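Numbering (the working numbering), first residue to last: 1060 to 1458.
Every residue, glycine too, gets a C-beta built ideally from N, C-alpha and C.
Owing to the predicted nature of the structure, the values given are computational and were not obtained by experimental measurement.
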Amino acid sequence: MADLIDLQTIVEREQDRIVQVNSVSLHGQTANAITIMDTGAVDSWAKAGEIVITSSRMMPASVAGAERLVRELASKRISCLMVNPYDDAAKSKFPKRLIDLGDKLAFPLFKIKSNSTYIQILNEINGLLLQNRRMNKMADLDLDYLLKSNSATDKDFDFVSGLKGVDLYKLQARVTRIAFAKTPNPSERLKVQFDLINQARAWFTTVEREEKILAFFVVEASNGATVISFFNQAQAEKPPHDRKIYHQFINNVHIPHFSVYEGVSATHPSKKLHRAFIEASFGVKIARTLGWAEHPIFYRDVSLWDLVNRITTNQDSRLYPARMDELMENPEIFETVEAFFEQNESFKDTGEVLFTHPNTIRYRLNLIYEQTGLDYRHTNDKFLIYIALIKKLLSDTND
């Protein structure tokens, strides 16, 4: 699995073989792989975070065509484009229009020097990626421990803090869990996981570059990935402004034939990563329950569900009449209660969703009152009916 490496590091190591032709800053720019472009059909091979290497012979013949190619590569979040001049003719050089476009798109463009070959550059960069991959595997082990330990200390953060050059233990953190809606079969799992990890890293690299987070890690999970974002005090946005990153993230995950669930924890001190991991994992569970693929579930929106889940799981607490659970097994009652709360208790909207007259909705809710004494018009009783719905949904998921 490829890991991120700083593009500036690559340029410094390869300065005898490549030279940047535009003025895009390389600060915060990263790469996770290198690939050779042998066709202009970008959609068929381009992956976010990759370095693309090619020759001027493979570039579109017209400047307009080359501009379209660069726009496509930038939109795919390709790391950069390196072009080997086929000869010394003018047509092998970067046109000024293309250089200006690269600057406008913040997309780095490089020329491969005439004394260098593809193989030399591929070997050198793959060597750097391999070294970085080993470091990240060590970080994954530490992060896995931190996510699952309820007693993390500052010392436990030493290695991962050293990788980022900042004391992560003193920061705020948020955990995001991404899980596939269906488990990839063995033959496709490697590619699907590769795409997910790379897209997550490419997206959060952009967020980091925009200084909305201070640092992040992506840890591979058995059926998806876990993203740990670290914030300083100024970056830890408060509700309701702290959701945009995670809505945009899920909208930027595109894996053919697979949808994903996303659970997002509340923000916690880094020493409480374990709590954040539990919250994010519960968010994924609720996303599965509701069938909300590609829609982030924030823990604070379902914290009541977690409370109900723990009460009903850990002790025999009777919050409402047992008859209510029996009524929830009735499909008409269940779908009515579920739609009623989903439509913010609007009889009109509930009726439209269920293709049922509003009076029928009232009749079914009154059946609950007649058989349990719970009156949907009273706040306390309405709350207990909602808890019964949550319990039923969670029970169906556990089954």
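With burial defined as no fewer than 16 other Cβ atoms inside 10 Å of the residue's Cβ, what is the status of Lys1330: buried or exposed?
Residue numbering aside, residue 1330 sits at position 271 when the sequence shown is read from its first letter. Answer is buried; the Cβ neighbour count reaches 16.
Between which two residues does the alpha helix (DSSP H) harbouring Met1194 extend?
The residue you call residue 1194 lines up with position 135 of the sequence shown. Counting along the chain, the alpha helix (DSSP H) containing Met1194 begins and ends at 1177-1207.
Does the region 1178-1194 come into contact with the region 1296-1309, if we say contact requires no fewer than three beta-carbon pairs (one atom in each stretch) closer than 8 Å?
no
Gly1322 classed as buried or exposed, judged by whether at least 16 other C-beta atoms fall within 10 angstroms
Stepping through the sequence shown from its first residue, residue 1322 is reached at position 263. Flag for Gly1322 reads buried.
Range of the contiguous alpha helix (DSSP H) that encloses Lys1303
For the purposes of this step, residue 1303 is identified with residue 244 of the sequence shown, where counting begins at 1. 1303-1310 is the span of the alpha helix (DSSP H), which, as asked, contains Lys1303.
Could you spell out where the beta strand (DSSP E) holding Gln1079 opens and where it closes?
As a working mapping, residue 1079 is identified with position 20 in the sequence shown. Residues 1077-1079.
If you draw a straight line from the C-alpha of Ile1171 to the C-alpha of Ile1095, how long is it?
Taking the first residue of the sequence shown as position 1, residue 1171 is located at position 112. Taking the first residue of the sequence shown as position 1, residue 1095 is located at position 36. Roughly 13 Å separates the two Cα atoms.
Going by CA-CA distance only, name the one from Thr1265, Tyr1228, Gln1079 that's closest to Phe1169.
Here residue 1169 is taken as the residue at index 110 of the sequence shown, counted from 1. Cα-wise, what sits closest to Phe1169 is Gln1079.
Find out if the Cβ-Cβ distance for the pair Leu1206, Phe1336 is shorter than 8 Å.
Within the sequence shown, numbered from 1, the residue matching residue 1206 stands at position 147. Within the sequence shown, numbered from 1, the residue matching residue 1336 stands at position 277. Yes.
Less than 6 Å between C-beta atoms, sequence neighbours within five positions excluded: which residues of the same chain meet that for Gly1048?
Since the first residue shown for the chain is 1060 and the last is 1458, residue 1048 is missing from the structure and cannot be characterised.
Assigned secondary structure, Arg1436 (DSSP; H/G/I helix, E/B strand, else coil)
Taking the first residue of the sequence shown as position 1, residue 1436 is located at position 377. Reduced to three states, the DSSP call for Arg1436 is coil.
Continuous beta strand (DSSP E) stretch holding Ile1093: start and end
Here residue 1093 refers to the residue found at position 34 of the sequence shown. That run of the beta strand (DSSP E) goes 1092-1095.
From this set, Glu1391, Phe1406, His1333, which residue's C-alpha is nearest Ile1459's C-alpha?
With the chain represented from 1060 up to 1458, any question about residue 1459 goes unanswered, as that position is not in the structure.
If we call anything under 8 Å between Cβ atoms a contact, is Ile1110 one with Cys1139?
Locating residue 1110 in the sequence shown gives position 51, where the first residue counts as 1. Locating residue 1139 in the sequence shown gives position 80, where the first residue counts as 1. Yes.
Cβ atoms of Val1122 and Pro1493: under 8 Å apart, would you say?
The requested residue 1493 is not part of the displayed model; the chain covers only 1060 to 1458.
Rounded to the nearest angstrom, how far is the Cβ of Ala1352 from that of Val1319, given a contact under 8 Å?
As a working mapping, residue 1352 is identified with position 293 in the sequence shown. As a working mapping, residue 1319 is identified with position 260 in the sequence shown. Confirmed, about 7 Å.
Per DSSP, what kind of secondary structure is Ala1120 in: helix, strand or coil?
As a working mapping, residue 1120 is identified with position 61 in the sequence shown. Looking at Ala1120 - three-state DSSP - the assignment turns out to be coil, as it is neither helix nor strand.
In the DSSP output, which residue or residues are listed as bridge partners for Gly1283?
The sequence position of residue 1283 within the sequence shown is 224, counting from 1. According to DSSP, which records beta bridges pairwise, Gly1283 is partnered with Ala1238, Ala1280.
Quick check: the region 1242-1259 against the region 1284-1292, are there 3 or more CB pairs under 8 Å?
yes
So, using beta-carbon positions, are Arg1260 and Asn1091 closer together than 8 Å?
The residue you call residue 1260 lines up with position 201 of the sequence shown. The residue you call residue 1091 lines up with position 32 of the sequence shown. Cβ distance < 8 Å, so Arg1260 and Asn1091 count as in contact.
Would you call the region 1340-1351 and the region 1207-1219 in contact, with 3 or more CB pairs under 8 Å?
no
Anyone know if the C-beta pair for Thr1395 and Ile1370 falls short of 8 Å?
Along the sequence shown, one-based indexing puts residue 1395 at 336. Along the sequence shown, one-based indexing puts residue 1370 at 311. No, they are not a contact pair.
What's the C-alpha gap between His1313 and Val1225?
Here residue 1313 corresponds to residue number 254 of the sequence shown, with the count starting at 1. Here residue 1225 corresponds to residue number 166 of the sequence shown, with the count starting at 1. Their backbone Cα atoms lie some 32 Å apart in a straight line.
Close beta carbons around Ile1449, own chain, < 6 Å, minus the five adjacent residues each side
Residue mapping note: residue 1449 aligns to position 390 of the sequence shown, counting from 1. Contacts found: Trp1364, Val1367.
For a test of the three-state rule: what should DSSP assign to Gly1224, helix, strand or coil?
Here residue 1224 is taken as the residue at index 165 of the sequence shown, counted from 1. Coil, per DSSP.
Range covered by the beta strand (DSSP E) that runs through Lys1170:
What you label residue 1170 is simply residue 111 of the sequence shown in a count that begins at 1. Per DSSP, Lys1170 belongs to the beta strand (DSSP E) from 1168-1171.
Taking the alpha-carbon of Glu1404 as reference, which of Tyr1177, Tyr1445, Met1387 has the nearest alpha-carbon?
Here residue 1404 corresponds to residue number 345 of the sequence shown, with the count starting at 1. The candidate whose alpha carbon is nearest that of Glu1404 is Tyr1445.
Extent of the continuous alpha helix (DSSP H) run through Tyr1422:
By one-based count along the sequence shown, residue 1422 stands at place 363. Its alpha helix (DSSP H) spans residues 1417-1431.
Could you check where the alpha helix (DSSP H) with Asn1257 kicks off and where it finishes?
The residue given as residue 1257 occupies position 198 in the sequence shown. First-last of the alpha helix (DSSP H) with Asn1257: 1245-1268.
Nearest to Gly1350 by CA position, among Ala1240, Asn1439, Thr1265, is which residue?
In the sequence shown, the residue the question calls residue 1350 occupies position 291. Out of Ala1240, Asn1439, Thr1265, Ala1240 has the C-alpha closest to the C-alpha of Gly1350.
Opening and closing residue of the beta strand (DSSP E) in which Val1142 lies:
Your numbering for residue 1142 matches position 83 in the sequence shown. Where Val1142 is concerned, the enclosing beta strand (DSSP E) stretches over 1139-1143.
Buried or exposed for Arg1233, please, with buried defined as at least 16 other CB atoms from any protein chain shown within 10 angstroms of its CB.
Locating residue 1233 in the sequence shown gives position 174, counting from the first residue. By the 10 Å Cβ count, Arg1233 comes out buried.
Arg1459 vs Gln1430 beta-carbon contact at 8 Å
Residue 1459 lies beyond the range of the chain shown here (1060 to 1458); nothing can be said about it.
Of the residues Gly1108, Ala1295, Phe1317, the one placed nearest Ser1324, counting alpha carbons only
Taking the first residue of the sequence shown as position 1, residue 1324 is located at position 265. Checking every option, the nearest Cα to that of Ser1324 belongs to Ala1295.
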